[in-house]
Amino acid sequence: KQEVTQIPAALSVPEGENLVLNCSFTDSAIYNLQWFRQDPGKGLTSLLLIQSSQREQTSGRLNASLDKSSGRSTLYIAASQPGDSATYLCVTSPRGYQKVTFGTGTKLQVIP
Amino acid sequence: EAGVTQSPTHLIKTRGQQVTLRCSPISGHTSVYWYQQALGLGLQFLLWYDEGEERNRGNFPPRFSGRQFPNYSSELNVNALELEDSALYLCASSSDQDYSPLHFGNGTRLTVT
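Protein sequence lines, in the order shown, are assigned to chains A and B. So that you can map any letter, position 33 of the first sequence is 33 in this note's numbering, and since no number is skipped, the others follow by simple counting. So that you can map any letter, position 27 of the second sequence is 139 in this note's numbering, and since no number is skipped, the others follow by simple counting.
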């Protein structure tokens, strides 16, 4: 059974700092890995999707990497802003989303 | 492009009642997934619909059911509500293309009293 762990569980940083969120998964047989953010009481907003054959994806200030062999993914956020404050989830899936596994989440607070 | 839409946004029901939640996927997406996020817990997979058929369900009792309509919108029905059904119910959709991302709605917050 896939297990997805995110470290740290919570993080508080001053505005402008670069930061890295970590995601570890136990089963490397994934089809893709997706990073989401969730604001309190809201749904999940897709940030980046990395295909199993890819090593990284970038979108604006965000960069996600994937190392399947070691079961790790990282989300790098450059020049953090207060609007980045949210819970970040990494989600792994085999082909098809009926067996997705959600990570434990990292709650990020960026202090102005 | 409109995202995944869910209705209602909030709902308060009494134990034993029945509730119906609705979801409209992104245009062109044929798969709809339902998840439950109870307070303080992670997301749990409920149901998957594709092309009008239920394809898979998670470890939930039969009083959780649903359907998908020809326009790919979906309903989640919960009968005989229990207090522990209080949660945020999230709907997500994806297309059938390889590596299609999963897109979520903003959810329906159900409170059972």
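Think of the CB as a built atom: it goes at the ideal place given N, C-alpha and C, for glycine as much as any other residue.
query: Cβ pair residue 132 (chain B), residue 220 (chain B) closer than 8 Å; result: no
query: Stretch-stretch touch, CB-based, cutoff 8 Å, three pairs: the stretch 163-179 of chain B with the stretch 8-17 of chain A; result: no
query: Contact list for residue 211 (chain B) against chain E, beta-carbon separation under 8 Å; result: Here the protein chains are A and B, and chain E is not one of them.
query: 8 Å Cβ cutoff, residue 98 (chain A) in contact with chain B; result: yes
query: Option nearest residue 31 (chain A) by Cα separation, candidates B:216, B:144, B:212; result: B:212
query: For residue 108 (chain A), the nearest candidate out of A:80, A:47, A:92 (CA to CA); result: A:80
query: Contact with chain A by residue 161 (chain B), beta-carbon distance below 8 Å; result: no
query: Contact list for residue 102 (chain A) against chain B, beta-carbon separation under 7 Å; result: 154, 155
query: Cross-strand partners of residue 162 (chain B) (DSSP beta bridge); result: B:143, B:165
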